[in-house]
């Protein structure tokens, strides 16, 4: 028998590190830091998720009466790679501005995510769907400026190809709209994105970003062959964020293993698991 | 001179540098990135960047996000 992994060879078969822009990560789950009801709960959820990359946003400082806690006081910068996003940007110009400010902030705290950006150029506030033209423009400019661009995209395979051609370190197609919890609405498009982006370049990292509602959505994305999943709301707004984060961690791992193990093709009709030969029963039609 | 900092008007003495402004606001020793008139001024250049009347300044930090 070829290519068979026995359970005593590896306790967790198939869980090889993920490589993005020259860096290796043992966790394939990227988790956002927004929307938690406290920094303590956020820290607990990040820990339970096992993630090594966390996303953050860039926003104005509060200038007066700011005695509140800072996000950075609750993130272990030696543990997490901080991935600043351009959330809230609706033009390529603004996304480039915000990317440069994020890089400056991470250089100040000495985090390896300083040259990384999660690029989002959005079309409108209601759908939060990406503006493909603005995203491509910003991606080109940021790559030229030395950024490792992990780019949020729709699940359109042609746009995904264009973004990779611009030099994106990872293309991150959406499963469904940001924060919607609808899971993966068009699995076929995700599969086509994967096929196109990995053609001749099987290690090219593709992360499903946005739309996750529960752990089964993560498992589904990974089972389709995604290299990782990025999520936020599904954990932060769960009744128990820490437990959900733990579930997401397991789902990510089991989805990856299921993909690598090779799921069976779907068939219209049944195929018996027990042999027909030797059956002593009446069999209709025979 | 009068400048605009994070969308609020503020009077500053002539010759104020970006670093001096951050110190007065209490942000000099915290992670803080700055733009003047939509142009990013890297942290290393804050001390040498003199603000001018009418400047629009954005001071940002990292917050929770997805």
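Chains as they are written, first to last, in the numbering used here: chain A, 43 to 328; chain B, 3 to 68. Just so you know, even glycine gets a beta-carbon here, dropped at the ideal spot from N, CA and C.
Quiz item: Of the choices A:160, A:203, A:57 and A:145, whose alpha-carbon is the least far from that of residue 67 of chain B?
Solution: As a first step, residue 67 of chain B is located in the second chain; it is residue number 65 there, counting from the start. Minimum Cα distance to residue 67 of chain B is reached at A:160.
Exercise. Grab me the residues of residue 43 of chain A's own chain with a C-beta within less than 6 Å of its C-beta, minus the 5 sequence neighbours each way, in chain order.
Key: For the purposes of this step, residue 43 of chain A is taken as the residue at position 1 of the first chain. Model confidence at residue 43 of chain A stands at a pLDDT of 46, short of 50, so the residue's coordinates are unreliable and nothing is read from them.
Practice problem: Report yes if the C-beta distance between residue 100 of chain A and residue 75 of chain A is below 8 Å; otherwise report no. | Solution: On the first chain, position 58 is the one that residue 100 of chain A refers to. On the first chain, position 33 is the one that residue 75 of chain A refers to. Not closer than 8 Å, so no.
Self-check item: Paired residues, beta bridge with residue 212 of chain A - DSSP
Solution: In the first chain, the residue the question calls residue 212 of chain A occupies position 170. According to the DSSP secondary-structure assignment, residue 212 of chain A is paired through a beta bridge with A:192.
Practice problem: List the DSSP bridge partners of residue 36 of chain B. | Solution: On the second chain, residue 36 of chain B is found 34 positions in, with the first residue counted as 1. Paired residue(s): B:43 and B:61.
Self-check item: Cα-Cα separation between residue 25 of chain B and residue 31 of chain B, rounded to whole angstroms
Solution: Reading the second chain from its first residue, position 23 is the one you call residue 25 of chain B. Reading the second chain from its first residue, position 29 is the one you call residue 31 of chain B. Computed Cα separation, rounded: 8 Å.
Quiz prompt | Close-in-space but distant-in-sequence residues of the same chain around residue 138 of chain A (CB under 8 Å, 5 per side omitted) | solution = Translated into the one-based positions of the first chain, residue 138 of chain A becomes position 96. Answer for residue 138 of chain A: 180, 183, 184 and 187, listed in chain order.
Self-check item: Residues from the stretch 79-111 of chain A in contact with chain B, defined by Cβ distance under 9 Å
Solution: 81, 84, 97, 98, 99, 100, 101, 102, 103, 104, 105, 106 and 108
Exercise. Measure the alpha-carbon distance for residue 323 of chain A versus residue 69 of chain A and round it to whole angstroms.
Key: Numbered from its first residue, the first chain carries residue 323 of chain A at position 281. Numbered from its first residue, the first chain carries residue 69 of chain A at position 27. Near 51 Å, if we compare the C-alpha coordinates of residue 69 of chain A and residue 323 of chain A.
Quiz item: With 8 Å set as the bound, which would you pick, yes or no: does the beta-carbon of residue 40 of chain B sit closer than that to a beta-carbon of chain A?
Solution: On the second chain, residue 40 of chain B is found 38 positions in, with the first residue counted as 1. For residue 40 of chain B, the answer is yes, since a Cβ of chain A falls inside 8 Å of its Cβ.
Quiz item: Which runs of the beta strand (DSSP E) spanning at least 3 residues fall entirely within the stretch 248-299 of chain A, listed in chain order?
Solution: 249-251 and 270-273
Practice problem: Out of A:263, A:147 and A:191, state which residue places its alpha-carbon closest to the alpha-carbon of residue 298 of chain A. | Solution: Residue numbering aside, residue 298 of chain A sits at position 256 when the first chain is read from its first letter. Ranking the options by Cα distance to residue 298 of chain A, first place goes to A:263.
Quiz item: Taking 8 Å as the CB-CB limit, is residue 15 of chain B close to chain C?
Solution: Absent here is chain C; the protein component of the structure consists of chains A and B.
Quiz item: Is the beta carbon of residue 20 of chain B sitting closer than 8 Å to the one on residue 98 of chain A?
Solution: As a first step, residue 20 of chain B is located in the second chain; it is residue number 18 there, counting from the start. As a first step, residue 98 of chain A is located in the first chain; it is residue number 56 there, counting from the start. Contact flag unset, no.
Self-check item: 3-residue-minimum beta strand (DSSP E) runs that sit fully inside the stretch 94-159 of chain A, ordered along the chain
Solution: 95-102 and 123-126
Self-check item: C-beta contact flag for residue 148 of chain A and residue 124 of chain A at 8 Å
Solution: Position 106 of the first chain, counted from the first residue, corresponds to residue 148 of chain A. Position 82 of the first chain, counted from the first residue, corresponds to residue 124 of chain A. A contact, by the Cβ cut-off of 8 Å.
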